[in-house]
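Same order as they appear, the protein sequences are chains A and B.
Per our numbering, the very first residue in the first sequence carries number 1; after that it's consecutive.
Per our numbering, the very first residue in the second sequence carries number 1001; after that it's consecutive.
Don't be surprised by glycine CBs; every beta carbon is placed ideally from N, CA and C.
The block underneath contains the structure these notes are about, expressed in structure tokens.
Number of protein chains: 2
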Amino acid sequence: MKIVQCVPNISEGRNLEKIKKIIEPLQNQNGFKLISYEPDKDYNRTVITLIGDPESMIIPLISFFERAKDLIDMNQHSGQHPRMGAVDVVPFIPIQNISIEECINYAKSLAEHVSFMYNIPVFLYAKAAQTKDREQLPDIRKGEFEGMKEKIQDPTWKPDYGQAKIHPTFGVVAIGARLPLIAYNIDLDTNDEKVASSIAKAIRKSSGGFQYIQAGPAYLQERDHVQVTMNILDYKKNPLYRIIETVKMEAKRYGVHVTSSEVVGLIPEDCITDSLRYYFAVEGHKLPKDITMDQICQYAIEILKFRDFDIKKIIEANL
Amino acid sequence: MKIVQCVPNISEGRNLEKIKKIIEPLQNQNGFKLISYEPDKDYNRTVITLIGDPESMIIPLISFFERAKDLIDMNQHSGQHPRMGAVDVVPFIPIQNISIEECINYAKSLAEHVSFMYNIPVFLYAKAAQTKDREQLPDIRKGEFEGMKEKIQDPTWKPDYGQAKIHPTFGVVAIGARLPLIAYNIDLDTNDEKVASSIAKAIRKSSGGFQYIQAGPAYLQERDHVQVTMNILDYKKNPLYRIIETVKMEAKRYGVHVTSSEVVGLIPEDCITDSLRYYFAVEGHKLPKDITMDQICQYAIEILKFRDFDIKKIIEANL
Chain A
1 MKIVQCVPNI SEGRNLEKIK KIIEPLQNQN GFKLISYEPD KDYNRTVITL IGDPESMIIP
61 LISFFERAKD LIDMNQHSGQ HPRMGAVDVV PFIPIQNISI EECINYAKSL AEHVSFMYNI
121 PVFLYAKAAQ TKDREQLPDI RKGEFEGMKE KIQDPTWKPD YGQAKIHPTF GVVAIGARLP
181 LIAYNIDLDT NDEKVASSIA KAIRKSSGGF QYIQAGPAYL QERDHVQVTM NILDYKKNPL
241 YRIIETVKME AKRYGVHVTS SEVVGLIPED CITDSLRYYF AVEGHKLPKD ITMDQICQYA
301 IEILKFRDFD IKKIIEANL
Chain B
1001 MKIVQCVPNI SEGRNLEKIK KIIEPLQNQN GFKLISYEPD KDYNRTVITL IGDPESMIIP
1061 LISFFERAKD LIDMNQHSGQ HPRMGAVDVV PFIPIQNISI EECINYAKSL AEHVSFMYNI
1121 PVFLYAKAAQ TKDREQLPDI RKGEFEGMKE KIQDPTWKPD YGQAKIHPTF GVVAIGARLP
1181 LIAYNIDLDT NDEKVASSIA KAIRKSSGGF QYIQAGPAYL QERDHVQVTM NILDYKKNPL
1241 YRIIETVKME AKRYGVHVTS SEVVGLIPED CITDSLRYYF AVEGHKLPKD ITMDQICQYA
1301 IEILKFRDFD IKKIIEANL
């Protein structure tokens, strides 16, 4: 059976009633599971995770788009996270028995339907991008919802599907395919955003840091501290432990400490164990070969300081 | 007055008599100074540093090429460092009152002369490169002296000056212009090259590490330990302290420590002070504003653990 992970992000993270209505078409379907939805009040955004057969996902995803269109008005939206559409981004990620090329085809199929049915302009991004300058989501999203009205008229930014005109309340969406990515945030015991910003610059590719890290600062209103929020685009080449330790090292000059960290969405098992292996080695030990999924989860909480984490956030625990 | 740094590297690091004969044309000249020459037995390579007016350097450099051609036979050369010519590389680096474009022109002038006078094929590299695939020296040098005989016949690797045929004893040379670069090596208390190799992979751009780091492992026969040898292409974006601390962090998993480090050639003053500022901040202090050049040198030795270092290796101390 072909398994993908599909992770739509919607621009609503505060009104739980609306969120539930929007995700309803994705619940209790044959062929795939709605693994989680994680509303974030500060970001005013919800990350939704589906796992299963991509073929079965397309029609429910179209209904989900319709609900997001009807219930979210981007003109009213504010939040800490950059965004350009009611459904902001939809990546298809190969997990088992499926190639990235097949994922690209599912992305195109969904794009065609939502642009045709609801007049939503679609940009194909990441591995589905048709041009080099659409590979990086932040490049497409630059200007955000507010700037997109003008940007989309620039021939360079003509959408891949739909007219060169934003949907008045929905905005635009990026749909694509990519390899597994870790959305990971490291919490700092300060509320000085400048500290998080300077640390983010040290680690992210765009300012000279690690090749597969996109990072920025974020202030969490509810918890009253800042975090370095990041995407890890290749967790094999930029393992978690290296990022955590580099963040600790940079934080030292400000007298700031790492208190905890959080994985948004799911994480592959080997992403955790590769980093546990480092901390075990530092202590002169080896990670046991017969380690159970429960133990991995426990160590991730204790050693990598994952907060709000449980075994269901490990991809392999859901298969 | 226009000031450049020019750093020819020759493929002889063992026979001091030969080295002295080769650099003789560069000594006691008007308009520039021979700041240092640093033979390395393990690398079998000498890094020569000139500072001053580039106009005055060209004719002495041509004589220096002639001596290297007469005294070095690349067919007999072996050493730890990759190389393709008797003079392996000559970069011109803008220091004061001179643009990178002017440096490119001096590089071209020298290239034209040595190719014409001695039948030495020249590749223009770095900022002087005529094509994208000649920007990185390692790409040009791949295959080294031994492989160049064939490589140079490939139309892609036609030299920028001279015939598509290596000089039988000299080989080929890369001449170019670039911004200041730090050649920096970090010593480890192990002789296991695999450890240095794995740490190099963690920090270098080509395998996912920091954007401006080229790095590899090297075993130092004389001192019987390995080091992570690197070029820092932009020391403002990838400061020394960040690299040192990341190397320490990676070394930990092997029970290995950083014992010292070395700067090959010269280093700008602010490259040292930017990193001292980090270590001062970690201790809750500020770097004194009225710090002297002597104190900077002393702290570099104590805190950054520079070995074989003295004030003359700071560029500004030579102006």
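- Within the segment 1042-1071 of chain B, the complete alpha helix (DSSP H) segments at least 4 residues long are 1054-1071, listed from N- to C-terminus.
- Judged by DSSP in its simplified three-state form, histidine 1167(B) adopts strand.
- Residue pairing by DSSP leaves serine 78(A) without any beta bridge partner.
- Pairing glycine 143(A) with lysine 132(A) gives a Cβ-Cβ distance that is not under 8 Å.
- Burial check for phenylalanine 309(A): the Cβ neighbour count within 10 Å reaches 16 or more, so the residue is buried.
- In terms of CA proximity to alanine 129(A), Ala111(A) leads the group Ala111(A), Ser115(A), Phe116(A).
- In the three-state reduction of the DSSP assignment, glutamate 146(A) falls in the helix class, which pools H, G and I.
- Using a Cβ distance threshold of 8 Å, threonine 190(A) and histidine 225(A) count as a contacting pair.
- Within the model, the alpha-carbon separation for leucine 233(A) versus alanine 1200(B) is close to 20 Å.
- C-alpha of isoleucine 72(A) to C-alpha of lysine 20(A): approximately 13 Å in a straight line.
- In this structure, tyrosine 1043(B) keeps its C-beta atom at 8 Å or more from the C-beta atom of glutamine 1076(B).
- Here asparagine 1318(B) has Ile1035, Ile1051 as same chain residues with Cβ atoms under 6 Å from its own Cβ, once five neighbours each way along the sequence are excluded.
- Sequence-distant partners of histidine 113(A) (beyond 5 residues in either direction) whose C-beta falls short of 6 Å from its own C-beta, in its chain, are Ile62.
- When beta bridges are read from the DSSP output, tyrosine 1254(B) appears opposite no residue.
- With distances taken between CA atoms, valine 89(A) lies nearest to Tyr125(A) out of Tyr125(A), Leu181(A), Tyr184(A), Gly147(A).
- Taking the Cα positions, asparagine 185(A) is about 12 Å away from leucine 304(A).
- If you check each beta-carbon in the segment 188-217 of chain A against every beta-carbon of chain B, the ones closer than 8 Å belong to Ala202, Lys205, Ser207, Gly208, Gly209, Phe210, Gln211, Tyr212.
- Closer than 8 Å to the CB of threonine 1246(B) there is at least one CB belonging to chain A.
- With respect to the C-alpha of leucine 188(A), the residue from Lys108(A), Cys6(A), Thr229(A), Pro155(A) having the closest C-alpha is Thr229(A).
- About 25 Å separates the beta carbons of threonine 1046(B) and isoleucine 1104(B), which is beyond the 8 Å limit, so they are not a contact pair.
- CA-to-CA, the gap between threonine 169(A) and glycine 85(A) works out to about 8 Å.
- By the rule that beta-carbons nearer than 8 Å mark a contact, arginine 178(A) does not touch chain B.
- The residue from Ile1048(B), Gly1162(B), Gln1136(B) with its alpha-carbon nearest to that of glycine 1013(B) is Ile1048(B).
- With respect to the 8 Å criterion, alanine 251(A) and isoleucine 175(A) are not classified as neighbours on the basis of their beta carbons.
- Using a Cβ-Cβ cut-off of 9 Å, aspartate 234(A) is close to Gly1208 of chain B, given in chain order.
- Contacts with chain B (Cβ-Cβ distance below 7 Å) from the segment 260-282 of chain A involve Tyr278, Ala281, Val282, listed in chain order.
- Cα atoms of valine 172(A) and alanine 202(A): separation of roughly 32 Å, rounded to the nearest angstrom.
- Contact note: methionine 230(A) does not reach chain B at a C-beta cutoff of 9 Å; the least C-beta distance is about 14 Å.
- Proline 1054(B) places its beta carbon 8 Å or farther from that of proline 1180(B).
- With its beta carbon less than 8 Å from one in chain A, lysine 1252(B) belongs to the interface.
- Within the model, the alpha-carbon separation for proline 288(A) versus isoleucine 301(A) is close to 17 Å.
- Within chain B, the C-beta atoms nearer than 8 Å to that of lysine 237(A) come from Ser1207, Gly1208, in chain order.
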